[in-house]
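Numbering (this note's numbering), first residue to last: 3 to 70. Worksheet for the structure shown next.
Shown next as structure tokens:
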């Protein structure tokens, strides 16, 4: 069931982690390539949002669901 349907049916969703197949490639490449929504400074462990994080946030707030 898609998450938006679960929420419509009463699920209390407090957080969501967007994970994709590309994240697995990033991990296997030793994090030399960064595909996610945030960049990580490995020395400080501080996370910095990419432009794609802003885009994804706007998409979620719009509640738009792309149809196949």
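Ideal Cβ positions, reconstructed from N, Cα and C, are used throughout, including at glycine. The structure presented is a predicted model; accordingly, all values stated were derived computationally and were not measured.
| Check | Outcome |
| --- | --- |
| Enumerate in chain order the residues of its own chain whose CB-to-CB distance from residue 50 is below 8 Å, with the five nearest sequence positions on each side excluded. | 40, 41, 42 and 43 |
| What does DSSP give as the partner residue(s) for residue 42 in the beta ladder? | 49 |
| So residue 53 and residue 38 are in contact, right, with Cβ under 8 Å, and what is the actual spacing, rounded? | So it is not a contact: roughly 12 Å between Cβ atoms. |
| Are the beta-carbon atoms of residue 45 and residue 35 separated by less than 8 Å? | no |
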